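Here the sequence shown is numbered in our numbering, starting from 1 and rising by one per residue.
Each residue gets a CB set at the ideal place from its N, CA and C atoms; glycine is no exception.
All figures in this text were calculated on a predicted structure; none of them were measured in a lab.
Each remark here refers to the structure printed beneath this line.
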Amino acid sequence: MAVSTSFAGAKLEALLLKSSSSAATTSSRASNGSCSLSGSLRPVRSRRAVIQRGVRCEVAASDAAVQTGQSVSNISALEQLKTSAADRYTKERSSIVVIGLSIHTTPVEMREKLAIPEAEWPRAIGELCGLNHIEEAAVLSTCNRMEIYVVALSQHRGVKEVTEWMSKTSGVPVSELCQHRFLLYNKDATQHLFEVSAGLDSLVLGEGQILAQVKQVVKVGQGIVGFGRNISGLFKHAITVGKRVRTETNIAAGAVSVSSAAVELALMKLPASSHASARMLVIGAGKMGKLVIKHLVAKGCTKMVVVNRTEERVTAVREELNGVEIIYKPLTEMLTCAAEADVIFTSTASETPLFFKEDVKDLPVVGPETGGSRFFVDISVPRNVGSCVSDVDGVRVYNVDDLKEVVAANKEDRHRKAMEAQEIITEESKQFEAWRDSLETVPTIKKLRAYAERIRAAELEKCLSKMGDDISKKTRRAVDDLSRGIVNKLLHGPMQHLRCDGSDSRTLSETLENMHALNRMFSLETEISVLEQKIRAKVEQTQK
């Protein structure tokens, strides 16, 4: 126990306090920064209600001077600080935390700065797991949200480090991030991701694209060290929840994607008499652009122009949609096509706007049959249409934030379907938490085996030394096998009572009771041991 606490304290000094050692061996100075985070984080059924609040970030610092070579009675302030820090950490299980900014809390201007392309997710996971208090991480970055899921050794310090990392990578000041972000922990974080996967947190209820994006997080995370057991298990379970909700409820009926909502918004703004004759232009033939085309066809559109970098994707869509006239144009003719269009949908991966005020102000005025306005419906993040374009007379610009108008069209039906989905999410959340609780016994199993092995090896050595040096290898092997067999048979019963899959709450409760009992009986100090292992891993990681 003394060795464990000493090691944990020493590493906590290095990792948690980030002390800078001086050349003198007689004294050192440590500064301990803490981040106190508060906000309305009450668990409620509607996640939108949860994240409509501000989070205050306060930073307090305290210094402790350390004098070495003092007597035991004169305990230094730093030793007290290290002990209290160790106590805090060993009493706190690693937490699942989500630090997020979504369409419900954050304007598109900030979200586009924070967006992380899929190709950069592995790098982001590596950097996040390189932070002192982060063990595992995942990034969910879409047009409507930027959410980082982590397993943190400390909630407050983990949140502080991730927030500072987000600020550093995006250029957005920490103070601004604190104003718009939302924080959820453990059960609330689990429920939030399940709601996201089920489409309950989307602008359009039951949106199918978000489930595909959650699947992509798992696909990209495979093989990445930081995408560990807890986070991968969380996202895989979220996929199960998303599938089940869509299968067992009618949540996917009607508009189920951002693309379909964009089409509905455009048709809401156009006079009903012009729906069949309005000239439609789609810029970008990727996943989102393809969905826009399909939803336009579903609404009765039989002719449109599609601008894309290459023709292959447009040709594939044309072949899939028989009886629809889809005209391909290269990006070089984008402005010419825009001049001949009444409604322009943009959905490209460009990191800079495709349209500025200077590009649009000289476009010819559209006819009165479509209301006298040219519509830009921009569903890209970062935006493809600059905000300045809306200043041009006769032009109206809509982005993903404006899709709320479409979502509000069927509020009562959406609420009924959401309640059905919530029952499934509550059930699945309990199952996931039970599975995660069952993982608590793994360190005890390892520690008990190591404890037994130490005793076996020591007693074996005593026995062999008494038998003399002239015993044969066969005899040595027989004695060794005998000792292993005895230990394995003695451990079989305790091990059986430490294993469960988390599906039976009674079994899980009994298993955790058995774990605590074994910890007490054998003085295993599992939590201290786990802390040491985690700190060792962090130290080794920073030394590479």
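Per DSSP, the beta-bridge partners of D378 are T346. Contact annotation, I326 with R318: C-beta distance approximately 5 Å; criterion of less than 8 Å satisfied. Remark: C-beta atoms of T163 and L234 do not approach each other more closely than 8 Å. DSSP, read as helix, strand or coil, puts L270 in coil.
Rounded to whole angstroms, the Cβ separation of V282 and V292 is 5 Å, and the two are in contact under 8 Å.
By the CB criterion at 8 Å, V385 and P353 fall inside the cutoff.
With respect to the 8 Å criterion, Q209 and L140 are not classified as neighbours on the basis of their beta carbons. A straight line joining the alpha-carbon of T106 with that of A266 spans about 24 Å. The region 273-281 and the region 335-353 touch, with three or more beta-carbon pairs separated by less than 8 Å.
Runs of the beta strand (DSSP E) lying entirely within the region 184-215, each at least 3 residues long, are absent. Out of G372, G284, K303, N322, the CA that lies nearest to the CA of E333 is found in G284. Of the other Cβ atoms in all chains shown, 16 or more fall within 10 Å of the Cβ of H133; this residue is therefore buried. A Cβ-Cβ contact shorter than 8 Å links A421 with V245. Non-local C-beta neighbours of C301 in its own chain, meaning closer than 7 Å and more than five positions away in sequence, comprise M280, ordered along the chain.
Within its own chain, the residues whose Cβ lies closer than 6 Å to the Cβ of T142, once the five positions on either side in sequence are excluded, are Q213, listed in chain order.
T444 is not a Cβ neighbour of L491, given a cutoff of 8 Å. Contact check between the region 193-210 and the region 444-455: fewer than three CB pairs, one atom from each, fall below 8 Å, which does not count as touching.
By the C-beta density criterion, N230 is buried, having at least 16 other C-beta atoms within 10 angstroms. In this structure, the straight-line span from the alpha carbon of K404 to that of A262 is close to 10 Å.
For the pair R476 and K447, the Cα-to-Cα distance works out to about 26 Å. I486 and E510 have their C-alpha atoms roughly 26 Å apart. For the pair R181 and G100, the CB atoms are nearer than the 8 Å cut-off. DSSP, reduced to helix, strand and coil, places G100 within a strand of the structure shown. For N384, the three-state secondary structure derived from DSSP is coil. DSSP places E118 in no beta strand (DSSP E); its state is neither H nor E. Under the three-state reduction of DSSP output, V365 falls in the coil class, being neither helix nor strand. When DSSP reads this structure, S95 sits in a beta bridge with A152. Within the DSSP bridge table, the entry for A137 names V150 as partners. Counting along the chain, the unbroken beta strand (DSSP E) around N308 starts and ends at 303-308. Taking C-beta atoms as the reference points, M304 and S259 fail to come closer than 8 Å.
Less than 8 Å divides the Cβ of L184 from the Cβ of V98. Close CB contacts of C129 within its chain, under the 6 Å cut and outside five residues either way in sequence, are with A137, G226 (chain order).
Ranked by Cα distance from V395, the options H295, T426, K168, V366 are led by V366.
Here the alpha carbons of S465 and N488 stand approximately 23 Å from one another. Pairing G171 with K113, the inter-Cα distance amounts to about 8 Å.
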